[in-house]
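Worksheet: one structure, shown below.
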Amino acid sequence: MSGARRCTATIDPGPAAATPARAADPGRSRDVKVIIAGAGVGGLTAALALARAGAEVEVCEQSPALRDAGGGLQITPNGARVLHALGLEEMLDEIGIRSEGVLARDGLRGRTLFHMPIGGDIPYRFVHRSRLTQGLAEAAEAAGAEIRFDRGVRHLLPDGGVELQSGATVAADLAVGAQGIHSLARMELNGETAPVFTRNVAWRAVLPGPSVPRSQIWLLPGRHVVSYPLGPELTNLVAVREQAAWVGEGWHHRDAPGALQGAFADASDDLQRIFARVEEVHLWGLFRHDVAQVWRRGRSVILGDAAHPMLPFLSQGANMAIEDGWALADEVGRGEDIEAALVRFQARRQPRAAAVVAASRGQAGLYHLRGLPRAGAHIALRASGSLTPRLMRRRVSWIYDHDETAARG
């Protein structure tokens, strides 16, 4: 379309783009034209997977460029398996930090509660969101996808095409809505539903200065803080506090560093030193959304946050979107009937997404214990030695050990 800007990435993924022997390529999708609305993590993963499977892919992004915004992401092993299968292991190592483990600490006294090593065959990585989306965009283009900016999508059409914000329509065989939590396509498929405030708010900041190669979580009454490295001189910080009310939704609310420090005035000295490094911080309310009941209509479908918005407490929003991208390409490549492929896609992904959403909702309560329950839990954590890390790892093994790229009958 005239006036639309195109992404001009020139990266050549080279040998890394070859499919690893351990994973099956998504099914072949020759002669299928796909339009994807949204150039976020889920949309770009789907674009790369579909393009590698042979589809003609166009990504339409309403912004004038990839957004250089947001903070850090944790790419857990389940998400990493997909990205490795798409040839991006080398890219992930270039842009990310491999985690050496999670250190849990008492946020009032600073003492260590337990250390959980994170490792294995598939690394756990910390990455900056903007670097990940840039890497995905470059790989998708190298695979043949076209990314066009200033090209917003207003409606997904049941025949697989889209209506642009300009009013023009574009024909295709499959339309994918990957526009995130405020997706119009989600509302059109499911009606408008009001999100529920979880009585939690979160401050988010990226801090300059030396970092350590592990995630740290500080537990305080009614609050918790997570930090992890985004590079040798960059740290991602998220601080969550229970709060009775909130006006608005989203995290694009700039706040004063002093407000964050005041909310954690009783925190340990080492945590206070971290807060003192905050130069710019945003505050947002955390809302609970139901998993969409309807993901598809005709030859149109939604994925990622548009289908299953997640609370951040298990760091699975981006990882579930990555899994979705692979699964969609895999199902579309299994035959010529796209509508049947979308039925299989929803049946394949919806139960897992719902289970992870539910698990994420329950996690905050474990972090925010007060009074005697908190004291008892901390004594047990310190006394149990090596048992605690094993038990904690077991709680999330069903998430981390999942392999969306495994061959399916």
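Sequential numbering of the sequence shown, starting at 1, is according to the UniProt record's numbering.
Cβ coordinates follow ideal geometry from the N, Cα and C atoms, glycine included.
Is it true that the segment 33-51 meets the segment 172-184, where meeting means three or more beta-carbon pairs spaced less than 8 Å apart? The segment 33-51 vs the segment 172-184: in contact.
Using only CA atoms, which one of V153, D270, T405 and V34 lies nearest to S166? V153
Cα-Cα separation, G298 to G231: So the two alpha carbons sit approximately 44 Å from each other.
Residue interval of the alpha helix (DSSP H) (run including P77): Here the alpha helix (DSSP H) through P77 covers P77 to A85.
Out of N200, L303 and A347, which one is the CA nearest neighbour of A39? L303
So, under 8 Å CB-CB, C60 and R148 are touching, yes? Tell me the CB distance rounded to an integer number of Å. 6 Å
How far does the beta strand (DSSP E) with E56 in it reach, from first residue to last? E56 to C60 is the extent of the beta strand (DSSP E) around E56.
For R105 and L220, what's the separation of their Cα atoms in angstroms? 9 Å
Considering Cα atoms alone, identify which of R288, A142 and V170 is closest to A354. R288
A359 to W398 span [Cα, whole Å]: W398 has its alpha-carbon roughly 11 Å from the corresponding atom of A359.
T133 vs L66 beta-carbon contact at 7 Å: yes
Go ahead and pull the three-state DSSP assignment for Y228. The DSSP-derived three-state label of Y228 is strand.
Check W295 in the structure and name its three-state DSSP category. coil
Reduced DSSP category for E146 - H, G, I as helix; E, B as strand; rest coil: strand
Rounded to the nearest angstrom, what separates R408 and P26 at their Cα positions? 11 Å
Could you give the C-beta distance for H224 and V240, rounded to a whole number, given that I count them as a contact under 8 Å? 5 Å
Quick one: what's got a C-beta closer than 7 Å to A406's C-beta in the same chain, skipping five residues either side? The answer is none, since no qualifying residue turns up.
I'd like the span of the beta strand (DSSP E) that includes W284, first residue to last. V281 to R288
Decide if T76 is buried, meaning its Cβ has at least 16 other Cβ atoms within 10 Å, or exposed. buried
Going by DSSP, what residues sit across from R223 in a beta bridge? L220 and R241
Would you grab the beta carbon distance between R349 and D330 for me? Rounded to a whole angstrom, and I think it's under 8 Å. Rounded, the Cβ-Cβ distance is 11 Å, inconsistent with contact.
Assign T198 to one of three DSSP states: helix, strand, or coil. strand
Sub-7 Å separation of R81 and D403 beta-carbons: yes
Give the C-beta separation of Q74 and S315 to the nearest angstrom, bearing in mind that I take them to be a contact with Cβ-Cβ under 8 Å. Yes, they are in contact, since the Cβ atoms of Q74 and S315 sit about 4 Å apart, within 8 Å.
Using CA atoms only, rank isn't needed, just tell me which of L283, S215, V34 and H253 is closest to E242. Looking at L283, S215, V34 and H253, the one whose alpha-carbon comes closest to that of E242 is L283.
Kindly indicate which three-state DSSP category A267 falls into: helix, strand or coil? coil
DSSP has G325 in a bridge; who is on the other side? Note: G325 sits in no beta bridge, so no partner.
What are the uninterrupted segments assigned as beta strand (DSSP E) that are 3 or more residues long and contained completely in the segment 65-139, given in chain order? 72-75, 102-106, 112-116 and 125-128
Going by beta-carbon coordinates alone, are P208 and I97 separated by less than 7 Å? The answer is no: Cβ separation not under 7 Å.
For G177, which residues does DSSP report across the bridge? A37 and I302
To the nearest angstrom, how far is it from the Cα of M320 to the Cα of G79? 7 Å
Hey, how far is the Cα of K33 from the Cα of R361? 37 Å
Give me, in chain order, the residues of the same chain whose beta-carbon lies closer than 6 Å to that of Q261; leave out the 5 immediate sequence neighbours on both sides. Setting aside the 5 residues that flank it on each side, Q261 is surrounded in the same chain by F275, each with a C-beta closer than 6 Å to its C-beta; the list follows chain order.
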